[in-house]
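Novice: Chains as they are written, first to last, in the numbering used here: chain A, 1 to 544; chain B, 545 to 879.
(1) Taking Cβ-Cβ distances below 7 Å as the criterion, which residues of the region 298-327 of chain A are in contact with chain B?
(2) Would you say residue 862 of chain B faces chain A, with C-beta separation under 8 Å as the test?
(3) Just the Cα atoms here: how many angstroms apart are residue 478 of chain A and residue 252 of chain A?
(4) Residues in its own chain within less than 7 Å of residue 508 of chain A by CB, not counting five upstream and five downstream?
(5) For chain B, check one thing: does any of its Cβ atoms lie closer than 8 Å to the Cβ of residue 528 of chain A?
(6) Quick one: any contact between the region 648-658 of chain B and the region 188-205 of chain A, if contact means 3 or more CB pairs under 8 Å?
(7) Would you say residue 246 of chain A lies against chain B (beta-carbon separation less than 8 Å)?
(8) Who pairs with residue 418 of chain A in a beta bridge, going by DSSP?
(9) Quick check: is the beta carbon of residue 829 of chain B nearer than 8 Å to any beta carbon in chain A?
(10) Quick check for students: name the residue ranges of the alpha helix (DSSP H) that lie wholly in the region 133-179 of chain A, counting only runs of 4 or more.
(11) Which residues, in chain order, does the region 159-191 of chain A contribute to contact with chain B at a C-beta distance below 8 Å?
(12) Can you name, in chain order, every residue of its own chain whose Cβ lies under 6 Å from the Cβ of residue 137 of chain A, other than the five neighbours on each side?
(13) Rank B:770, B:795, B:787 and B:713 by C-alpha distance to the C-alpha of residue 815 of chain B and give the top, closest one.
(14) Would you mind telling me which residues of chain A sit closer than 7 Å to residue 640 of chain B, beta carbon to beta carbon, in chain order?
(15) Report the start-end ranges of each beta strand (DSSP E) in the region 449-517 of chain A that is 3 residues or longer and not cut off at the edges.
(16) Around the Cβ of residue 458 of chain A, are there at least 16 other Cβ atoms within 10 angstroms (buried) or fewer (exposed)?
(17) Compare the C-beta of residue 130 of chain A against all C-beta atoms of chain B and say whether one is closer than 8 Å.
(18) Using the beta-carbon of each residue, which ones in chain B are nearer than 8 Å to residue 330 of chain A?
(19) For the candidate residues A:501, A:381 and A:409, whose alpha-carbon lies nearest to that of residue 392 of chain A?
(20) Spatial neighbours of residue 357 of chain A within its chain, please: CB distance less than 8 Å, with the 5 preceding and 5 following residues excluded, ordered by chain position.
(21) Closer than 8 Å, CB to CB, is residue 375 of chain A near chain B or not?
(22) Do you know offhand how far residue 821 of chain B's Cα is from residue 42 of chain A's?
(23) Count the other CB atoms within 10 Å of the CB of residue 574 of chain B; is the residue buried (16 or more) or exposed (fewer)?
(24) Using the DSSP secondary-structure output, state which residues sit across from residue 702 of chain B in a beta bridge.
(25) Tell me which residue opens and which closes the beta strand (DSSP E) that residue 719 of chain B is part of.
(26) Grab the span of the alpha helix (DSSP H) containing residue 302 of chain A for me, first residue to last.
(27) By how many angstroms is the C-alpha of residue 119 of chain A removed from the C-alpha of residue 545 of chain B?
(28) Taking only beta-carbon positions, decide if residue 824 of chain B is within less than 8 Å of chain A.
(29) Which of the three DSSP states is assigned to residue 610 of chain B in this structure?
(30) Let me make sure I understand the geometry here. Which of B:583, B:863, B:689 and B:690 has the alpha-carbon closest to that of residue 833 of chain B?
(31) By DSSP, does residue 390 of chain A sit in helix, in strand, or in coil?
(32) Check whether the region 578-596 of chain B and the region 678-687 of chain B touch, using three or more Cβ-Cβ pairs below 8 Å as the test.
(33) Against residue 556 of chain B, what residues of chain A qualify as contacts under a CB-to-CB distance less than 8 Å, listed in chain order?
(34) List the residues of chain A that residue 712 of chain B touches, going by C-beta distances under 8 Å, in chain order.
(35) Is there a C-beta anywhere in chain B that falls below 8 Å from the one on residue 136 of chain A?
(36) Would you decide whether residue 617 of chain B is buried or exposed? Buried here means 16 or more other CB atoms lie within 10 Å of its CB.
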């Protein structure tokens, strides 16, 4: 006997959902024993108690074997989970960054960098905002930190305004010494105007200038670093994506849609020619339920809703979703969540367009409370609707919200070992999405032959259609595509014939022959009908 | 299970909060009239907010050492007795090219404390935080400004209010309206001197129309007293929660206040024994049974609901005696 624990719990405490799981050692490997997700208002302790009670009822000896005390006689009074080792991460509300620059041109890339680096933003330039309004914005009680930036070196149209701008920000810094101030690009030259940094309780940080693509990565990384607490779930997701890519030796993309923000992480393992890569974006503006759903948000959700509704009514429903994210989750409530997930995912992609350069990943992992409330086929369809990227990717779901907690394990070797043990348990296979581009509309597209272990299924393909080939989880197959026209299939290039290794899942093999990018009908009723038809195509037995 | 420990699975809504730290926002140029640690009584002016804040440039004599955020006093000329005096000139913001930028204005509006309490924090240009004496009931949002008045029940828990239901005899009161109210009734209530409305739900359209009306009113030269709408639940039509209604009934006739940050009803009634709902009392806050109330019977495990969605559920006995199985996320209890 050793004192090494034979079980531990993972807790992912989000703004809307608390996900807990029990991990136990079996035959020298860590395995997922059970998991559950509940409204975060229930709290991690009660959720863990509930999980232990369920495991006790299902398999009374299991907890004993793992050395875990289950609730006595079903009493969920907190005593059973108190001694359990926990790996806990949290999602905290995004802090607000007030961003100022001399010109609108200099301001835009700063805002873009901050909005995908975990910050909510308010912004103003000296070009369009008077110093009084700018001071009001910087002093506002909801502002957590200040970013003052300029291009490096400052452009001609910036130079005249930088002096006054620096004086204004420095004065705010004197009044609110607890607020961190970040001086980016050419603004860093004004450091002397901000006095002695040691006399401030908030940090005074010099940062590189904002830029597009890889050139902007240093500022984005720094901003992300400045947001996070040690046990931040979203940063954990990034680390876990990187480790997962390494463990399974595949390109991985993790997409998290949360109540109060979204995460996108693209990771690639090291190869002989390239080092490992992780590109992590945290987009608070892409949350499922924005605090104040303006017309833009409402229209984005309305575009994907199958329920006839006007803007006011939909705004009411979004407000209700914000107030009680777990309430009314069925029927029309499910439609709202599916539509809101579409809108959030589209926002996430719009904030991270530079990630398109990484190409289609081998594996897409979705995580977050909204996905677990949706049938798997709708999860796959949502990804297909929004991620219009030609290629073939396997779709999976982090159903027990394990990636965030595992990503918080500080020791890389230990993290890799735990993830390697749990790789088969933590990802629920949804299936494979194949999306060719370049099909000619309105005519037969070709033929698909799926060679499974025991059977061969032949399907005729028509452009514009969604084709679902049932393929159970755990089953692999070779999908042999014979297109009439030359099409593009992501990294597989252009051609008429492709043999693609596909993996099964709860949603099967989804072949998406719709336009890339997708075009929705302009008329609201036609659009709703079209979306219903697509949903019916992936969910046989449901009404179109 | 013989006990009700599985009730922990039902999200809890805090019924009474104490202490309540009320935050009043300030803008550059606004003048705080209180200091940290000071006690304030109801109606005491705590700040002056500028209606017409603008920037001025001033030269500061080398004999003084001004700092950002400090008040600047200017020469007010001679008084009737020939004595020279100074008057508040505004707030120093920053110095640029040897001159100070000053936030100032000519038309200050007094901000009066809607509750008694102790000043916890004063941040010029940002906010004043006041720890209120008494307790609070949290809503989801408060529209309008901080206000105070006598609480009065206008309807029952399931009632609504129309403009015809208002009369001038209600001036100075804060009305509890059960289910829902429209923007027309809200603006008419303000015009009749009613100080505030507490309602379970306010639809987005009514909210938008009311806020537009409120903004127009705030911009007018002759303003009406501060007025607020406190929304307790959300945007959909539903009855006011029974436990809240019970407290409102007890507080009827008492002086109460509505504050915006946090959105809450604040009252100081230590002599009242506020009613607390039974531990197994639950309320449905979403779905087909929205607004219904009942008693918790126990967890029902994962159930399949409309749309092939599987959710953890609980069984409750509704107030009419029937038993329903409801998703846990659709339930709330009060603690």
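The beta carbon of each residue, even a glycine, is placed where N, CA and C say it ideally should be.
Specialist: If we stick to the structure as given:
(1) 312, 315, 316, 319, 320, 323, 324, 326 and 327
(2) Residue 862 of chain B sits at position 318 when you count from the first residue of the second chain. Output row for residue 862 of chain B: interface = no.
(3) As a first step, residue 478 of chain A is located in the first chain; it is residue number 478 there, counting from the start. As a first step, residue 252 of chain A is located in the first chain; it is residue number 252 there, counting from the start. Approximately 21 Å, taken between the alpha carbons.
(4) Within the first chain, numbered from 1, the residue matching residue 508 of chain A stands at position 508. Result list for residue 508 of chain A: 431, 468, 469, 470 and 471, in chain order.
(5) Mapped onto the first chain, residue 528 of chain A falls at position 528. It does not: the Cβ of residue 528 of chain A has no partner Cβ on chain B nearer than 8 Å.
(6) no
(7) By one-based count along the first chain, residue 246 of chain A stands at place 246. Not closer than 8 Å to any Cβ of chain B, the Cβ of residue 246 of chain A fails to qualify, so no.
(8) One-based indexing of the first chain puts residue 418 of chain A at position 418. Per DSSP, none; premise fails for residue 418 of chain A.
(9) For this step, residue 829 of chain B is matched to residue 285 along the second chain. Judged by the 8 Å Cβ criterion, residue 829 of chain B is in contact with chain A.
(10) 156-175
(11) 163, 164, 167, 168, 170, 171, 172, 174, 175 and 176
(12) Sequence index remark: in the first chain, residue 137 of chain A carries index 137 (1-based). Counting only Cβ-Cβ distances below 6 Å, and skipping sequence neighbours, we find 98, 122 and 124.
(13) Counting from 1 along the second chain, the entry for residue 815 of chain B is found at position 271. For the residues B:770, B:795, B:787 and B:713, the minimum Cα distance to residue 815 of chain B belongs to B:795.
(14) Translated into positions along the second chain, residue 640 of chain B becomes position 96. The contacting residues are 164 and 167.
(15) 456-462, 466-469, 476-488, 494-503 and 509-512
(16) The residue you call residue 458 of chain A lines up with position 458 of the first chain. It counts as exposed.
(17) The residue labelled residue 130 of chain A in the question sits at position 130 within the first chain. It does: the Cβ of residue 130 of chain A has a partner Cβ on chain B nearer than 8 Å.
(18) To locate residue 330 of chain A, count along the first chain from 1; it is residue 330. Neighbours of residue 330 of chain A on chain B, chain order: 831, 849, 850, 851, 853, 855 and 871.
(19) Counting from one through the first chain, the residue named residue 392 of chain A turns up at place 392. Answer by Cα proximity: A:501.
(20) Your numbering for residue 357 of chain A matches position 357 in the first chain. Contacts found: 213.
(21) Working through the first chain from its first residue, we reach residue 375 of chain A at position 375. Chain B, which has a Cβ nearer than 8 Å to the Cβ of residue 375 of chain A, makes this yes.
(22) Along the second chain, read from residue 1 onward, the residue named residue 821 of chain B stands at position 277. Along the first chain, read from residue 1 onward, the residue named residue 42 of chain A stands at position 42. Cα-Cα distance, rounded: 19 Å.
(23) Residue numbering aside, residue 574 of chain B sits at position 30 when the second chain is read from its first letter. Buried: at least 16 other Cβ atoms inside 10 Å.
(24) By 1-based counting over the second chain, the position of residue 702 of chain B is 158. The partner list for residue 702 of chain B (beta bridge, DSSP) is empty, contrary to what the question assumes.
(25) Against the second chain, residue 719 of chain B aligns to sequence position 175. Start and end: 717-725.
(26) Against the first chain, residue 302 of chain A aligns to sequence position 302. Where residue 302 of chain A is concerned, the enclosing alpha helix (DSSP H) stretches over 295-302.
(27) The residue given as residue 545 of chain B occupies position 1 in the second chain. The residue given as residue 119 of chain A occupies position 119 in the first chain. Reliability fails at residue 545 of chain B, whose pLDDT of 40 lies under 50, so the model's placement of it is uncertain and no value is given.
(28) Here residue 824 of chain B refers to the residue found at position 280 when the second chain is read from its first residue. Residue 824 of chain B does not count as touching chain A.
(29) Your numbering for residue 610 of chain B matches position 66 in the second chain. Note: residue 610 of chain B maps to coil in three-state DSSP.
(30) The residue labelled residue 833 of chain B in the question sits at position 289 within the second chain. That would be B:863, whose Cα lies nearest to the Cα of residue 833 of chain B.
(31) The sequence position of residue 390 of chain A within the first chain is 390, counting from 1. If DSSP states are grouped into helix, strand and coil, residue 390 of chain A belongs with coil.
(32) no
(33) In the second chain, residue 556 of chain B corresponds to position 12, counting from 1. Result: 41.
(34) By 1-based counting over the second chain, the position of residue 712 of chain B is 168. None at all; the shortest Cβ gap to chain A is about 32 Å.
(35) In the first chain, counting from the first residue as 1, residue 136 of chain A sits at position 136. Chain B, which has a Cβ nearer than 8 Å to the Cβ of residue 136 of chain A, makes this yes.
(36) For the purposes of this step, residue 617 of chain B is taken as the residue at position 73 of the second chain. With fewer than 16 other Cβ atoms within 10 Å, it is exposed.
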